[in-house]
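Number of protein chains: 2
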Amino acid sequence: MRYELYYWPMIQGRGEFVRLALEEGGADYVDVARKPERGGMGMPAMFRLMEAAPLARLPFAPPILKAGGQLVAQTANILLFLGPRLGLVPDDEAGRLWVHQLQLTIADLVTEAHDTHHPIASGLYYEEQKPEALRRARDFTAERLPKFLDYFESVLERNPCGRDWLAGDTPTYADLSMFQVVEGLRYAFPKTMKRLEPGYPLLVALHRRVAARPRIEAYLKSKRRIAFNNEDVFRRYPELDG
Amino acid sequence: MRYELYYWPMIQGRGEFVRLALEEGGADYVDVARKPERGGMGMPAMFRLMEAAPLARLPFAPPILKAGGQLVAQTANILLFLGPRLGLVPDDEAGRLWVHQLQLTIADLVTEAHDTHHPIASGLYYEEQKPEALRRARDFTAERLPKFLDYFESVLERNPCGRDWLAGDTPTYADLSMFQVVEGLRYAFPKTMKRLEPGYPLLVALHRRVAARPRIEAYLKSKRRIAFNNEDVFRRYPELDG
Chain A
1 MRYELYYWPM IQGRGEFVRL ALEEGGADYV DVARKPERGG MGMPAMFRLM EAAPLARLPF
61 APPILKAGGQ LVAQTANILL FLGPRLGLVP DDEAGRLWVH QLQLTIADLV TEAHDTHHPI
121 ASGLYYEEQK PEALRRARDF TAERLPKFLD YFESVLERNP CGRDWLAGDT PTYADLSMFQ
181 VVEGLRYAFP KTMKRLEPGY PLLVALHRRV AARPRIEAYL KSKRRIAFNN EDVFRRYPEL
241 DG
Chain B
1001 MRYELYYWPM IQGRGEFVRL ALEEGGADYV DVARKPERGG MGMPAMFRLM EAAPLARLPF
1061 APPILKAGGQ LVAQTANILL FLGPRLGLVP DDEAGRLWVH QLQLTIADLV TEAHDTHHPI
1121 ASGLYYEEQK PEALRRARDF TAERLPKFLD YFESVLERNP CGRDWLAGDT PTYADLSMFQ
1181 VVEGLRYAFP KTMKRLEPGY PLLVALHRRV AARPRIEAYL KSKRRIAFNN EDVFRRYPEL
1241 DG
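Those sequence lines, one after another, are chains A and B. Here the first sequence is numbered in this note's numbering, starting from 1 and rising by one per residue. Here the second sequence is numbered in this note's numbering, starting from 1001 and rising by one per residue.
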């Protein structure tokens, strides 16, 4: 099965959580919008897909995964679909729900990190909502971020199978996403993370452990990995880094 | 199986999406935090559950569903769990993923509706973020809300099984949640909804159709249904209703 991923080609964004799962799972996939238009791909292919009039199961927004005739959208839902196919979830239903629950909490954290630079409207520029962004970022770095990190550190502490992974004793898609969040937070809030990280040794070790997975390591060094930038979910505006 | 729901007892909130599914599914359930403390329930029971030291699978926040020995949290994840058990999803995996995808998009809309009155910090009062709330609500009612409603109307239009339900030809948990969103939006933004609703005849009909389901109708008239209020996700601040 060759998977097709449809996502904005210039950012990691929410598509990156899917890319990491596809990479770690050794999946055969094509990142459609990053391929040349002359081959029928690129951004036009993504827009064609999203506007296809006969589409019964219309996605609201990218990322979108095409698997044969099936379209799946919403990041966490794509991972729910891919998890068992790529060996990135436990075998039992309760374990799979637990991993999905963690993923949805990660998604909430990602939304809040995004909203630090866009607290008023995603359709306006950062520069048009800067005073509000300063206030929201101050709350995020002082209150919300530590609350989320406390939670995930505590999940690692309590894992009855050991403290290497969030759920069970092998990596799941939630671990890959957690890696990406730490990576993104370090890019966006370097000062804050430097201050906070000593309090979260298990999360820091999890990040290192994921980065050292052979397929992830190869991916991060490859051209397939897009660099962080200020069009993305995680952005570096020094004034927001409290 | 008697389900136990743990959620804030004074609001509909995100717990309401779970309550509606339990009600429509005719489930045997107890809304623990709304029961008397002297019977070992009430809010103390919820806090005891959330702080239980030996809990391996710690929830981040309510709502939490207890089903025998299993705890499930994150609203959409609880519905994913309940869907097949209460007959509120299609039989096939692709259909279930589609319903979950819709639910996650509804969850995004709910978060954006909430953030109209709390654009800066959920830990601060509305009165402490009023100028920002005015700006965010203006964008929500003018841009984001129509975008979401356009989307869901279009999903109804495209449903190959007819235009009665979002997915397939029987109600799913996503339909119940969509009802709740329309209900909440009417409470929070009556002027905006009066202006917008004529453009969304299928969504308005879906809302009416859910409200007329015998079990839902009985529930809405019962004391189990908490009234909307300004501690909730959907709040009526006339100045935010553009």
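The beta carbon of each residue, even a glycine, is placed where N, CA and C say it ideally should be.
{"Check": "Proximity of Arg1002 (chain B) and Tyr1029 (chain B) at Cβ, strictly below 8 Å", "Outcome": "yes"}
{"Check": "Option in B:Arg1208, B:Ser1222 and B:Pro1090 with minimal Cα separation from Cys1161 (chain B)", "Outcome": "B:Pro1090"}
{"Check": "Test: Trp1098 (chain B) CB closer than 8 Å to a CB of chain A", "Outcome": "yes"}
{"Check": "Burial state of Leu124 (chain A), where buried means 16 or more other Cβ atoms lie within 10 Å", "Outcome": "exposed"}
{"Check": "Contact check, Asp175 (chain A) vs Ile1120 (chain B), beta carbons under 8 Å", "Outcome": "no"}
{"Check": "Length of the line joining the Cα atoms of Ala211 (chain A) and Pro1198 (chain B)", "Outcome": "52 Å"}
{"Check": "Cβ of Leu91 (chain A) within 8 Å of any chain B Cβ", "Outcome": "Looking at the sequence shown, residue 91 (chain A) is not Leu but Asp. Taking Cβ atoms only, chain B never reaches closer than 8 Å to Asp91 (chain A), which makes this a no."}
{"Check": "Amino acids of chain B, ordered along the chain, whose beta-carbon sits closer than 9 Å to that of Gly123 (chain A)", "Outcome": "Asp1139, Glu1143 and Arg1144"}
{"Check": "In DSSP terms, what Asp1031 (chain B) is bridged to", "Outcome": "B:Leu1005"}
{"Check": "Pair within 8 Å by beta-carbon distance, Tyr173 (chain A) and Leu88 (chain A)", "Outcome": "yes"}
{"Check": "Partner residues on chain A for Ala1094 (chain B), Cβ-Cβ distance less than 8 Å", "Outcome": "Gln70"}
{"Check": "8 Å contact criterion, which Leu1149 (chain B) and Leu1196 (chain B) should meet: CB distance rounded", "Outcome": "6 Å"}
{"Check": "Whole-angstrom distance between Ile106 (chain A) and Met178 (chain A), CA atom to CA atom", "Outcome": "7 Å"}
{"Check": "Beta carbon proximity, Val155 (chain A) to chain B, threshold 8 Å", "Outcome": "yes"}
{"Check": "Alpha-carbon spacing of Ile1216 (chain B) relative to Glu1023 (chain B), whole angstroms", "Outcome": "7 Å"}
{"Check": "For Leu1020 (chain B) and Val233 (chain A), the rounded distance between their alpha carbons", "Outcome": "33 Å"}
{"Check": "C-beta neighbour in chain A for Thr1111 (chain B), strict 8 Å", "Outcome": "yes"}
{"Check": "Residues of its chain near Gly26 (chain A), where Cβ-Cβ distance is below 7 Å and the 5 sequence neighbours each way are ignored", "Outcome": "Arg215"}
{"Check": "Option nearest Ala133 (chain A) by Cα separation, candidates A:Glu16, A:Asp241 and A:Thr116", "Outcome": "A:Thr116"}
{"Check": "Buried versus exposed call for Ala137 (chain A) [16 or more other C-beta atoms within 10 Å across all chains shown]", "Outcome": "buried"}
{"Check": "Own chain residues within Cβ distance below 7 Å of Leu109 (chain A), not counting five before or after", "Outcome": "Phe148 and Val181"}
{"Check": "CB contact below 8 Å: Phe81 (chain A) versus chain B", "Outcome": "yes"}
{"Check": "Three-state class that DSSP yields for Ile64 (chain A) in the structure shown", "Outcome": "strand"}
{"Check": "Leu1071 (chain B) in three-state terms, based on DSSP", "Outcome": "strand"}
{"Check": "Given Glu1183 (chain B) as reference, the closest of B:Gly1083, B:Val1204, B:Arg1224 and B:Leu1086 once Cα atoms are compared", "Outcome": "B:Val1204"}
{"Check": "Span of the alpha helix (DSSP H), counted from its first residue to its last, around Tyr1151 (chain B)", "Outcome": "Leu1145 to Arg1158"}
{"Check": "Cutoff 8 Å: Leu1058 (chain B) Cβ touching any chain A Cβ", "Outcome": "yes"}
{"Check": "Ala1188 (chain B) at chain C interface by Cβ criterion, 8 Å", "Outcome": "No chain C is part of this structure, whose protein chains are labelled A and B."}
{"Check": "Between the CA atoms of Leu156 (chain A) and Glu16 (chain A) - distance to the nearest angstrom", "Outcome": "23 Å"}
{"Check": "CA-to-CA distance, Gly1039 (chain B) to Gly13 (chain A), given in whole angstroms", "Outcome": "48 Å"}
{"Check": "Tyr173 (chain A) - containing alpha helix (DSSP H), residue span", "Outcome": "Tyr173 to Ala188"}
{"Check": "CA-to-CA distance, Ala1067 (chain B) to Met1041 (chain B), given in whole angstroms", "Outcome": "16 Å"}
{"Check": "Any C-beta of chain B under 8 Å from that of Ala76 (chain A)", "Outcome": "yes"}
{"Check": "CB contact check: Pro1119 (chain B) to chain A, cutoff 8 Å", "Outcome": "yes"}
{"Check": "Check: Tyr125 (chain A) C-beta below 7 Å from any heavy atom of the ligand SAM", "Outcome": "In the structure shown, the ligand SAM is absent, as is every other ligand, since no ligand is present at all."}
{"Check": "Residues that Thr105 (chain A) contacts on chain B, provided the C-beta gap is smaller than 8 Å", "Outcome": "Phe1060 and Gln1074"}
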